[in-house]
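The structure under discussion appears below in the form of structure tokens.
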Amino acid sequence: MAMIDLPPALVLMAGAVVMTAVRGRARWVVGLGAPLIALADCWYVITEGAESYLYFLGHALNPVHVHPATPVFATIFCIAALGGMLFSLHQDRRVEQSASLWHAGGALGVVFAGDMVTLLVFWELMTLGSLVVIWSGGQKHSYGAGLRYFGMHALGGVALMMGIIIVVTQRISDGSADPLVFTHFAEFAAGWPGLSWDTVGIWLVLVGMLVNVGAPPFSPWIADAYPEGSFSGTVVLSAFTTKTAVFTLLVAFAGFEALIYLGLWMACYGIVYAILENDMRRILAYSIVNQVGFMMVGIGVGTKLSIDGTAAHAFAHIVYKGLLMMSAGSVLAATGKRKCTELGGLYRTMPITMWCGIIGALAISSFPLTSGFTTKSMIVDSIGEQSELLAQAGVSHTHLIVAWFLLEAATAGVFLHAGIKFPWFVFFQKDSGLRPPDPPWNMRTAMIGFAAICIVLGIFPGILYDILPYKLEAGEYSKVVYSFEHVMTMLALLLFGGLAFFVLLPILKRKETITLDWDWLWRAFIPRLYREVLTPLLEMAQKAQKTVLETLPGKSMEDSRLPAPLARKLGSAWAVSVPVLLIVLMLLVYLVIYFVVPSI
Amino acid sequence: MLEHLRTQLPALIVVTPLTMGLIVALIGRRQIGWYIAMATTAGVFAMTLQLLMDVLNHGERSLTYLMGNWPVPYGIAYKADPLSASVMLIVAAMAAVITFYARRSVASEVPVGKLHYFWGLWLFCITGLLGITITGDAFNLYVLLEISSLSTYTLVALGKERNRRALTSAINYLLLGTMGACFYLVGVAYLYMATGSLNIPDIAERLQPIYASWGTDAPLYQKTVIAGFAMMAVGLSLKLALFPLHGWLPNAYTYAPSAVSALLASTATKVGAYAFMRVIFTLVGVGFAFGRLHTDIALMACSGAAIIVGSWMAIRQVNVKKLLAYSSIAQIGYIALGFALANRDGMTASVIHLINHALTKGGMFLALGMVMYRLGGTRLSDLRGLGRKMPLTMAAFTAGGLGLIGVPLTSGFVSKWYLVSGCLEGGRYEMAAVVLVGSLLALIYVWRVVETIYFGKRDEEVQVREAPWTMLVPTLLLIGASLYFGINASHTAYIAQAAADYLLGAAR
């Protein structure tokens, strides 16, 4: 009974609570034990198909529901939590570590949420965890970045909450048997529903999820907030928030065409900004946007193959992005420097970090024999497949062809900015004179472990394909993934990408800059709007109000009846005359309404 | 004997604190005022709990008690139904908890020579609030309203030792409060003129033929009844501090002694809201007030404005006590919006928010009272970095703040859930949007305080200790209860739905 009903999220959250109290060796036990137990519990729930219900406001809540995509996401979240903890445990950062476990627990809770209230609760808990992780980062701008992060996600959370409330209320009034259930919004897959009162709830839910996934115009929060975590905190941060949102979109909005366009934008946006960027961890953060863009396209296409591809890509992405972040984190921990212009030549003394970074870079560029090759190409191929189907059916498929070309180009772009640029500028290039050693054993183990996963999934993709939502489709796909044509296409793309990098190298060498983005909206435009438009307006309004108040009868009471020092300081908030006047006015208004309105 | 007393409960609940208040005031300076007040409020709490049980178990879900056995409509009848019994329970519970808390706090804020008056007035105030809730007589309601109001004015003025502005705010409150009460009284007189009765159900009954006569050639008392209701509506809006008649509230709450602020914030306006509901639903009838006169539109406009303006003003405050006072104005807006909707979810939201907000805001004012006790001030700068010095107090305050925003797993979320459901059920999408905006604004003003508490730097190294346990325990109890009712809303929802059904049933 106890085991059946235990949501895996609570294991991690209990671990987070215990983590705040324990010291010394016990920290290792809790930090590594909690993700392992959670993983075991996940698979217990998945295989036993346990369902458990709580009741809230008369409706059943189900915190251990298994969606088709749950197994793959739950597994990778536990692995990411394990790797992230292993990477950071040699240092005594209890706040950050317990917040990391809490953050991971929130993500795991969302993955198992069978209803929208559970979803919302874990969604918010997850945000709180990540906020603390950012704040405990100890970087120069951690506090401000955390605040901006929180503001952005609070907005998204409120949109999600309102959306859920509206959807649930509409379902109740339609007499739905299970109004809270979290499932696919079929009306959105069929086409573009207009913004009407019937769909406004679903649109709000979508907006809430899009904030977390980093869709435009919300993309900048990723590159703003993540690099402000500590060297180990960012590893954890990079895994959960966006991928949880990908999961929810996958469940709720698979096949919604608009996501294709948003995804394409994100894929291109991430590349452009990553190429312009100088801070190594911001480069990696922008490439999260780019990679999540691929997943968004996969969700938007919505065929079985594309959904499998999205889930598989999320799995592989968390591993190699974590690996890259670990590699960058090791460099940061050893040198204290973040900018590409200040680094270089580290291959001499950090061979393990370098090799792990290169494996991660190859995987993110989907080089054959790495996990990126066996997963990302599924999404791209599913587009080709779908466009062929549409062509046979005589439906316009131009948008899919455009999407296909853009994603192929983006694949080469990824190689450019993450595949070569990151290792080249950090480990090779000029000699910066820095001679840091490789990191401690636990960080090395975590990196080597993640690198091994990248390669194993590249050589034996079947392991991953077996836990995907539609195993059959993926099984078919595993036969073609290493076909001659497939490998050659990819190699050609990558080699030309590599050529481009070295040809363009003089241009790509970064100077220290800040890149302007959508965040111009809230950093410059809105403050300026406030200063230059709203403030004068308010001042004018104040003048008008003053004039009205001064001509009112009874003004003299305000000053004369108060003790002299009070009268000067406090002004109208203390005068009785205005409230009394208001009372009389109210009565007048009521009487007028009552006597005039009924007779109309 | 006990059985006999049990039938007298409705009267005892009101008479006990009244008598005890007199005794405390007359006994003089023997320093036993608090003990008597504590015993009385605890006893009253037990009695209201029993009364609520009796009402819910009673077949018709209402009990009528005739004062001196005079039959209606000649005598005064006290009437306990699910709504009045639950409001009384919350008033009595808050009174007991805050009284327990208040001993040290009041001793530090009120001069020793006036303590016996303080506790006497305290009990009178509670008498009035309980009486307003249970009475079934429109004129008796006025009398009890004045009992509670007059004692409240004095209690607010007793904050003058801390800050002389308490006197100005008390006189301000007195002028406006008296006007409100007068308006109500004039309204009652008009209805008396039309119906010749003061008993609420009796008036409601006698109004029916009057309504029926309107629209015919010889309308009876049309102008009298309408003007009477308008007078009552304005008077009660003022007692309830519904925007734009909220002018007295911020200063009164800010400069009153801490315990008084907590008592007022958690009970006085709630009882005002209750009285307003009573007048609309059981006295004049919802068909008249909303159907014919469209008071619901006016109420919604006022409450929407209250939510936005109250929250906006709260954002701009530097004194946290005043910030909470403005936030109360916004929360009153939620309550008024709920009953203005006049559907089941809206009414439930209104009653449930009455309970939840009493717990949350009461707890937050108590937390501030502890800050006052230790630091002597409640400005934002006093709270800077206090999260490390007074962790429990500040945790309670923060948890309460989350409730004001309506974060899931707090009671505020349950209230907003029902309220938004009610808005959507009534097709009032714009009001649902207002609730959303109100939550966002609440996020801002709560965040400002929380940020100061946990991230502000204390300049001076003054030794600040956690508050004494006699103050801490009641605070944590209230905040804990508000969290509990957020996670397990079944009790409050049951009571609130029973009350909503009762009122809506009475309305039909």
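Residue numbers (my numbering), protein chains in the order written: chain A, 19 to 618; chain B, 9 to 516.
For each residue, glycine too, the CB sits at the ideal point set by N, CA and C.
| Query | Result |
| --- | --- |
| By DSSP, does LEU522 of chain A sit in helix, in strand, or in coil? | coil |
| Would you mind sorting GLN16 of chain B into buried or exposed? The rule is 16 or more other CB atoms within 10 Å of its CB. | exposed |
| Listing by chain order, which chain B residues have their CB less than 7 Å from the CB of ALA172 of chain A? | LEU451 |
| How far does the beta strand (DSSP E) with ALA78 of chain A in it extend, from its first residue to its last? | 77 to 79 |
| Any residues in the segment 274 to 300 of chain A with a beta carbon nearer than 7 Å to a beta carbon of chain B? Which ones, in chain order? | none |
| Thinking C-alpha only, which one of B:ILE363, B:MET321, B:GLN505 is nearest LYS278 of chain B? | B:ILE363 |
| Between the alpha carbons of ALA379 of chain A and MET506 of chain A, how many angstroms are there, rounded? | 19 Å |
| Helix, strand or coil, according to DSSP, for TYR198 of chain B in the structure here? | helix |
| Between GLY370 of chain B and MET96 of chain B, what straight-line distance do the alpha-carbon atoms span, to the nearest angstrom? | 16 Å |
| Of all the CB atoms in chain B, is at least one closer than 7 Å to the CB of ILE152 of chain A? | no |
| Is PRO524 of chain A close to chain B, meaning its C-beta is less than 7 Å from at least one C-beta of that chain? | no |
| Spatial neighbours of THR135 of chain B within its chain, please: CB distance less than 7 Å, with the 5 preceding and 5 following residues excluded, ordered by chain position. | VAL22, PRO25, LEU26, GLY29, ILE155 |
| Run through the DSSP bridge pairs and tell me what ASN77 of chain B is partnered with. | Answer is none; ASN77 of chain B lacks a bridge partner. |
| Among A:ILE544, A:LEU280, A:TRP46, which one has its Cα closest to the Cα of ASN460 of chain A? | A:TRP46 |
| Does any residue of chain A have a CB that is nearer than 7 Å to the CB of ALA202 of chain B? | no |
| Does any residue of chain B have a CB that is nearer than 7 Å to the CB of MET575 of chain A? | Confidence at MET575 of chain A is low in this model, with a pLDDT of 42, below 50, so its placement is unreliable and the value that follows should be read with caution. No, MET575 of chain A does not count as interfacial toward chain B. |
| Mapping the DSSP letters down to three states, classify PRO367 of chain A as helix, strand or coil. | Note on identity: in this sequence residue 367 of chain A is Thr, with Pro being the wrong assignment. If DSSP states are grouped into helix, strand and coil, THR367 of chain A belongs with coil. |
| Between which two residues does the alpha helix (DSSP H) containing TYR219 of chain B stretch? | 208 to 221 |
| In this structure, how does DSSP classify THR203 of chain B when only helix, strand and coil are distinguished? | helix |
| Taking a cut of 9 Å between CB atoms, which residues from the segment 178 to 209 of chain A lie near chain E? | Considering every chain present, this structure includes no chain E. Its protein chains are A and B. |
| Of the residues B:LYS465, B:ILE31, B:LEU272, which one's Cα is nearest the Cα of ARG124 of chain B? | It is His, not Arg, that sits at residue 124 of chain B in the sequence shown. Checking every option, the nearest Cα to that of HIS124 of chain B belongs to B:ILE31. |
| Taking only beta-carbon atoms, is VAL22 of chain B less than 7 Å away from chain A? | no |
| Report yes or no: is there a C-beta of chain B within less than 7 Å of the C-beta of LEU138 of chain A? | yes |
| Is the distance from the Cβ of ALA334 of chain A to the Cβ of THR393 of chain A below 7 Å? | yes |
| Does THR1 of chain B come out as helix, strand or coil in the three-state DSSP assignment? | Missing from the structure shown is residue 1 of chain B; chain B here goes from 9 to 516 and no further. |
| Output, in chain order, the set of chain B residues within a Cβ distance shorter than 9 Å of ILE377 of chain A. | Under the 9 Å cutoff, chain B gives no residues; its nearest Cβ is about 40 Å from ILE377 of chain A. |
| Under the rule that 16 or more other beta-carbon atoms within 10 Å means buried, what is THR224 of chain B, buried or exposed? | exposed |
| Taking DSSP as the reference, what is the three-state secondary structure of THR321 of chain A? | coil |
| From what residue to what residue does the alpha helix (DSSP H) around ALA115 of chain B run? | 90 to 117 |
| Compute the minimum distance between the beta carbon of LEU427 of chain B and the heavy atoms of the ligand FAD, and state whether it is under 6 Å. | No copy of the ligand FAD occurs in the structure displayed, which carries no ligand at all. |
| With 16 as the cutoff for other CB atoms within 10 Å, does ALA204 of chain A come out buried or exposed? | exposed |
| Can you tell me which of the three DSSP states ASP326 of chain A falls into? | helix |
| Note down the Cα distance separating GLN115 of chain A from CYS374 of chain A, rounded to an integer number of angstroms. | 23 Å |
| To which residues does DSSP link VAL35 of chain A through a beta bridge? | For VAL35 of chain A, which the question treats as bridged, DSSP gives no partner whatsoever. |
| In or out: TYR82 of chain B buried (at least 16 other Cβ within 10 Å) or exposed? | exposed |
| Is the number of C-beta pairs between the segment 231 to 245 of chain A and the segment 287 to 307 of chain A that are closer than 8 Å three or more? | yes |
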